[in-house]
Amino acid sequence: MPETIHAVRQHEFGGPEVLRHEPVPRPEPGPGEVRLRVRLAGVNFADTHARENAYVQKAHLPLVPGQEVLGVREDTGERVVALTQGGGAYAEEVVVPQERCVPVPDDLADDQALGLLVQGLTAWHLHRTAARLEGGETVVVHSAAGGTGSLTAQLAKPLGAARVIATAGSPERREAALALGADVAVDPDPEGLTERLIEANGGRPVDVVVDMAGGPGFDASLRALAPFGRIVVCGISTKEQNELRTGHLLRHSRAVVGFWLFHCLEDPERRYRTPLEDLFARAARGEVAVHIGGRWPLAQAAEAHRALTGRRTTGKLLLDVTA
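Everything in the sequence shown is counted per UniProt numbering, starting at 1 for the first residue and increasing by one.
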């Protein structure tokens, strides 16, 4: 076996230019771990935040980014998806906890399976666990042409929503959101957003908002909520924190719910494996499909980061480790 593999590694925090394609020591599995030969690694906003050490979990240098892989188990030859522990996905091989490996059905393509891991699981839990979506409710999905947003929009009606309102930042991205099943798509500009959301719901406040951005758009969305409405926070892509007064929540019977996927790993069977298997079954029935917005060789990870943060893509972004 070789003593080294190739990976994307950074030795300092900063912009995409800190990502280097270089030899690294071959990872060795410990107790309860398995080694995967990586085929695909997912590229997520969390990776760009970790690159700058601005993520929920603080990073340590040197860092091999990425937490989402599809690969083949070295011990069994089984094709699986898995979430890594503390990075390591941007590599030819990675070590992961065995309990995080979920077999991929034979009839599901590599890119579709990986696209359902972080974004698909997040979308599923945004509706079921965080928002606790009830039948007949109206759901607003911000950034609905992106990786998480596109799957959140697709899953809303199968999971009970009566109406889906999407936001996206260009006419082309709004058309993409409509093609995913949204009933209406509007501009996400915070100026006038409250009024646009209510108008898009026939003049009525909305029940659920899924927000990935934070900042002024969060405040505008909060004001659009009906009594007992919920806004679910699953990202802060603007890097703008919000302040909230408890009196506002009290007066309007509104709720703000945070969601971070990695808390689901504390209950891996119920909150990780079972929902993912449900997503695989829904994909087989045609209820949900992952739009692949870009694919780069491993050595071009920096360009993938630039495309993601520059809002130049829609859907799921991948690194093809076999290219």
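The beta carbon of each residue, even a glycine, is placed where N, CA and C say it ideally should be.
Grab the span of the beta strand (DSSP E) containing residue i for me, first residue to last.
i: isoleucine 5; result: 4-9
i: leucine 40; result: 33-43
i: aspartate 110; result: It is not in any beta strand (DSSP E) - aspartate 110 instead sits in the alpha helix (DSSP H) that spans 110-115.
i: leucine 319; result: 316-320
i: arginine 295; result: 292-297
i: leucine 142; result: A small fix is needed here, since residue 142 is histidine in this sequence, not leucine. Note, histidine 142: premise wrong, no beta strand (DSSP E); not H, not E.
i: glycine 258; result: 255-258
On a Cα-Cα basis, can you pick out the residue from the options that is closest to residue i?
i: leucine 133; options: Leu222, Gly30, Val80 and Val208; result: Val208
i: threonine 4; options: Gly15, His21 and His11; result: His21
i: arginine 285; options: Arg9, Gln154, Leu178 and Pro103; result: Gln154
i: glycine 32; options: Arg9, Arg100, Arg271 and Lys58; result: Arg100
i: valine 104; options: Glu93, Gln119 and Ala82; result: Ala82
i: histidine 125; options: Asp106, Leu159, Gln300 and Phe280; result: Leu159
i: aspartate 183; options: Lys157, His60, His6 and Phe218; result: Lys157
i: glutamate 172; options: Ala323, Arg311, Gln10 and Lys316; result: Arg311
i: alanine 179; options: Gly115, Arg273, Ala289 and Glu78; result: Ala289
i: valine 206; options: Ser170, Gly181, Ala161 and Arg174; result: Ala161
i: alanine 112; options: Val94, Gly136, Val80 and Gln57; result: In the sequence as presented, alanine is not what sits at residue 112; that position holds glutamine. Of Val94, Gly136, Val80 and Gln57, the residue nearest in Cα terms is Val80.
Are there 16 or more other CB atoms within 10 angstroms of the CB of residue i, so buried, or fewer, so exposed?
i: phenylalanine 228; result: exposed
i: proline 188; result: buried
i: threonine 167; result: buried
i: glutamine 241; result: exposed
i: histidine 248; result: exposed
i: threonine 148; result: buried
i: arginine 270; result: exposed
i: histidine 263; result: exposed
i: arginine 245; result: exposed
i: lysine 316; result: buried
i: aspartate 75; result: exposed
i: threonine 274; result: exposed
So residue i is in the alpha helix (DSSP H); what residue range does that whole segment cover?
i: isoleucine 236; result: Isoleucine 236 -> no alpha helix (DSSP H), and no H or E assigned at all.
i: alanine 185; result: From DSSP, alanine 185 is part of no alpha helix (DSSP H) but of the beta strand (DSSP E) over 184-186.
i: arginine 251; result: 246-252
i: threonine 167; result: Note, threonine 167: premise wrong, no alpha helix (DSSP H); beta strand (DSSP E) at 163-167.
i: glutamate 277; result: 274-285
May I have the straight-line CA-CA distance separating residue i from residue j, to the nearest angstrom?
i: glutamate 199; j: serine 143; result: 19 angstroms
i: arginine 35; j: proline 27; result: 8 angstroms
i: aspartate 278; j: proline 268; result: 14 angstroms
i: glycine 88; j: proline 25; result: 12 angstroms
i: alanine 176; j: tyrosine 90; result: 29 angstroms
i: histidine 291; j: alanine 213; result: 21 angstroms
i: valine 96; j: alanine 226; result: 43 angstroms
i: alanine 283; j: lysine 239; result: 33 angstroms
i: glutamate 12; j: valine 64; result: 11 angstroms
i: aspartate 110; j: proline 16; result: 26 angstroms
i: proline 29; j: glutamine 85; result: 12 angstroms
i: alanine 301; j: arginine 73; result: 23 angstroms
i: leucine 151; j: arginine 204; result: 25 angstroms
i: aspartate 106; j: leucine 261; result: 26 angstroms
i: alanine 224; j: histidine 252; result: 11 angstroms
i: glycine 215; j: glutamate 191; result: 12 angstroms
i: arginine 128; j: proline 2; result: 45 angstroms
i: glycine 217; j: leucine 70; result: 34 angstroms
i: glycine 293; j: alanine 185; result: 20 angstroms
Please return the same chain residues whose Cβ sits closer than 7 angstroms to the Cβ of residue i, not counting the five positions on each side in sequence.
i: asparagine 201; result: Thr138, Arg163 and Ile165
i: glycine 146; result: Thr314
i: phenylalanine 45; result: Gly235, Ser237 and Leu308
i: valine 321; result: Val38, Arg39, Leu40, Ala41, Glu92 and Leu298
i: arginine 295; result: Leu318 and Asp320
i: arginine 306; result: Pro16
With a CB to CB cut of under 8 angstroms and the five nearest residues on each side skipped, what residues in its chain are close to residue i?
i: serine 221; result: Val140, His142, Leu193, Thr194, Leu197, Val209, Asp211 and Ile231
i: valine 257; result: Ala130, Ala131, Arg230, Ile231, Val232 and Val233
i: glycine 14; result: Arg51 and Glu52
i: alanine 255; result: Phe228, Gly229, Arg230, Ile231 and Leu249
Report all residues from its chain with a CB closer than 6 angstroms to the CB of residue i; omit the five preceding and five following residues, and keep chain order.
i: histidine 49; result: Tyr55
Should residue i be counted as a contact of the ligand HEM given a C-beta to heavy atom distance under 8 angstroms?
i: leucine 279; result: Questions concerning the ligand HEM fall outside what the structure shown contains, since it holds no ligand whatsoever.
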